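Engineer:
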Amino acid sequence: MILKLVFENLKHRPLRTALSVFLIGIPVTLMLTLVGLSEGMLAETARRARGVGADIAVRPPGTSLLSLSTAPMSQKLLDKLRTEPHVALATGTMVHPVAAVTMVTGVDLDEFNRMSGGFKFIQGGPFAGPEDVILDEFYARQRGVKAGGTIEMLNRKWRVCGIAEPGKLARIVLPLATLQDLTGNTGKLSQIFLKVDSPGNVDAVIASLRAQLEGYPIYSMEEFTSLISVNNLPELKTFINVMTVVCVVIGFAVVFLSMYTAVLHRTREIGILKSLGASRGYVLLIILIEAVLLSVAGSFAGIGLSYGSRWLMMKLIPASLTQAIVPEWWPIAGVIAMAGAALGALYPGLSAARQDPIEALAYE
Amino acid sequence: MSSPSSPIIAIRGLRKIFHVGKVDVEALRGIDLDVEPGEFLSVVGPSGSGKSTLFHIIGGLTPPTAGTVRVASEDLASLSDAGRTRLRKTTVGFVFQKFNLLPILTAGDNIALARHIGGNRGGETARFRGVLKLLGITERLGHKPSALSGGEQQRVAIARGIVNEPAILLADEPTGNLDSQNSQTVLTLLRDLNERLGQTILMITHNPEAAAYGHRMVNMRDGRIVS
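Chain order of the listed sequences is A and B.
Counting from 1, one number per residue, gives the positions in the first sequence under our numbering.
Counting from 1001, one number per residue, gives the positions in the second sequence under our numbering.
1. Quick one: what does DSSP say S1003/B is sitting in, helix, strand or coil?
2. H1215/B by DSSP, collapsed to three states: which one?
3. Along the region 1143-1172 of chain B, what residues have a CB closer than 7 Å to any CB found in chain A?
4. Contact between the region 231-248 of chain A and the region 329-340 of chain A: three or more CB pairs below 8 Å?
5. What does Y219/A pair with, by DSSP beta-bridge criteria?
6. For V173/A and G124/A, I'd like the C-alpha separation in whole angstroms.
7. By alpha-carbon positions, which one of D1222/B, V1218/B and Q1199/B ends up nearest to G1093/B?
8. In angstroms, rounded to a whole number, what distance separates the CA positions of F127/A and V133/A?
9. Near I1137/B, what residues of its chain come up, given a Cβ to Cβ distance below 8 Å and the 5 sequence neighbours on each side ignored?
10. Going by the beta-carbon positions, is the gap between P348/A and V292/A smaller than 8 Å?
11. Kindly indicate the opening and closing residues of the alpha helix (DSSP H) around M31/A.
12. Using 8 Å as the threshold, is the C-beta distance between P318/A and R48/A below it?
13. Using the Cα positions of A342/A and L37/A, report the straight-line distance between them to the nearest angstrom.
14. What is the DSSP secondary structure of K1016/B, reduced to helix, strand or coil?
15. Assuming A164/A is part of the beta strand (DSSP E), what are its boundary residues?
16. Taking DSSP as the reference, what is the three-state secondary structure of T1188/B?
17. Cα-Cα, which of G308/A, Y139/A and F300/A is closest to T102/A?
18. Assuming L1014/B and G1030/B are in contact, meaning their beta carbons sit under 8 Å apart, how far apart are those beta carbons, in whole angstroms?
19. Could you pull out every residue in the same chain whose Cβ sits closer than 8 Å to the Cβ of K1089/B, ignoring the five residues on either side in sequence?
20. Determine the direct distance from the alpha carbon of W330/A to that of K76/A, and round the result to whole angstroms.
21. Shorter than 8 Å from the beta carbon of M1001/B to some beta carbon of chain A?
22. Determine, using beta carbons only, whether L273/A and V283/A come nearer to each other than 8 Å.
23. Do the CB positions of E1039/B and H1215/B come within less than 8 Å of each other?
24. Would the beta-carbon of R47/A be found less than 7 Å away from any heavy atom of the ligand SAH?
25. What does M1/A reach in chain B if we use C-beta pairs closer than 7 Å?
26. Ignoring anything shorter than 4 residues or poking outside the region 68-156 of chain A, list the alpha helix (DSSP H) runs there in chain order.
27. Using the Cα positions of R82/A and K168/A, report the straight-line distance between them to the nearest angstrom.
28. Between E44/A and chain B, is the shortest Cβ-Cβ distance under 8 Å, so that the two count as touching?
29. Give me the residue from A353/A, L89/A, M94/A and G271/A with the minimum Cα distance to Q180/A.
30. With DSSP as the reference, label V1025/B as helix, strand or coil.
31. DSSP on T1125/B, reduced to helix/strand/coil?
32. If you draw a straight line from the alpha carbon of I56/A to that of R50/A, how long is it in whole angstroms?
33. Would you say Y282/A lies against chain B (beta-carbon separation less than 8 Å)?
34. So, for A1210/B: in the same chain, excluding its five sequence neighbours on each side, which residues have a beta-carbon less than 6 Å away from its beta-carbon?
35. Can you check the region 1091-1162 of chain B for any alpha helix (DSSP H) of at least 4 residues that lies completely inside it and give the ranges in chain order?
36. Skipping 5 residues on each side, what residues in its chain have a beta carbon closer than 7 Å to that of L236/A?
Pasting the structure below:
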């Protein structure tokens, strides 16, 4: 019967109900979008790293898993690594930022093609000159450019020589030497990839390199891609935790206001319930159930809206931000929304429960 | 429950003082009253005479300031807020001037809600089905209050008031919002409930004609029973 009363109340004020559901859905969407972005960006990074086709990655000392904004390694190191036992192929790349989350990567295309199997071009083809750029499909779509067109970047115009399928190292690829010279990093590399003669030798090569190159993070690609997760990035984890708290606070505030107003509107109803013998607990339960139902509906709305935010990002900035759908976070976001809603409903609920029945019945 | 020979409502020296800002308003100034089980008592008096306050105290909606009030053997002066809530749930039923039905629920659900609050989870009893028939609202239970006439709403409110078979039905100006024809219907129904089911009824009214439906009438003025 309580559920019926709650449902009828929600139905009786559809605008308030819809608005509350929507507003509770917003922090749920926010949380799912941010977590989805974190997971999506990391998964995309890992996918592109796997697309290199290497067995081992050698990174400069002091670098984190994701940051490679400088090129501190000498190209001579690459030459040395080529001579290591069991190293079949070696190639170096250079990474340089062009926007907040957008990087360009310089590659030696011949070496890179030998290691990765080469780009699969949808339009155009490989570099024909030093001022050519290869874009992946998403970035080309985001910039609205086709093969043969030009894009402006790093204060100059580049000819788009080819548009390739995504998933190989980077979204924007320049000739290595050009990028090195342009950024004052001639002869410098950001990262070195190695392919060994047999998968069984990967561990031995890594052990040997670690012994020789103290302080250099050296990973098997399997290890490297598995490390690219939220759990290994404390800053990202903290960020998600902060956002979770923000979501609880927003959910609390929305439900507090909504239920506070509802209780004011329903003063007479509460008086009637009390005259019928409803206890404080009964009245509080009605308010809490209503808040929980709103939060459940808000969670579903938030999940739906997170698909909307992903669609919007795919339409507007497919190359810059990749949002994953994170079903494992749906119950977490739902529980967080519910906790915020229950907290927000507590004070209005207690106020309702404490109302004097005579005053409540006299309320017009 | 009271024994048949003892009053179901026994009030001695009842006083009620309301604190309005810094002023004390004495609404009841020493009431003595007995109501026998199965009695239909009318309480009449002008506005401000204290009859509604008496109604609220007997119904457990507010505690007395002094004196003793025994309702179905419960001493209301010693009851906590939870105890008064229990009294409203099990011992008294209310009928209000403004009907006080929940507008979002159908007539049937208004009655079902009272049953739920009263802790009755089973279906309607044969006795209650008979009451619904007597009240003539069986066909109107699926409608919301806004689709019912004033008389129908009040009959639903009466059904709700007695659905948990309370020892006492308290009716506060039950015909105050009704035209004369509906007033007569409601008053006749209250008298039928009293006569057929032995329902104890305490009715507050301004109207001497309505008061005449009771077995006995007490007059209140300035917080006292004057006759």
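Note that the Cβ used here is the ideal one computed from N, Cα and C, for glycine as well.
Bear in mind the structure is a predicted one, so any value in this text is a computation, not a measurement.
Structural biologist: This is what the structure holds:
1. At S1003/B the pLDDT is 46, less than 50, meaning the model places this residue with poor confidence; the figure from the coordinates comes in the next sentence. Residue state, collapsed to three classes: coil.
2. coil
3. none
4. yes
5. A57/A
6. 14 Å
7. Q1199/B
8. 7 Å
9. A1107, E1152, R1155, V1156 and A1159
10. no
11. P14 to R50
12. no
13. 28 Å
14. strand
15. R156 to A164
16. helix
17. Y139/A
18. 7 Å
19. I1117, G1118, G1119 and N1164
20. 50 Å
21. With a pLDDT of 43 at M1001/B, under the threshold of 50, the modelled position of this residue cannot be trusted, and the question is left open.
22. yes
23. yes
24. The model depicted lacks the ligand SAH and carries no ligand whatsoever.
25. A1112, L1113 and H1116
26. 75-82, 109-116 and 137-143
27. 22 Å
28. no
29. M94/A
30. strand
31. coil
32. 10 Å
33. yes
34. T1175 and L1187
35. 1107-1117, 1126-1135 and 1150-1162
36. S38 and V230
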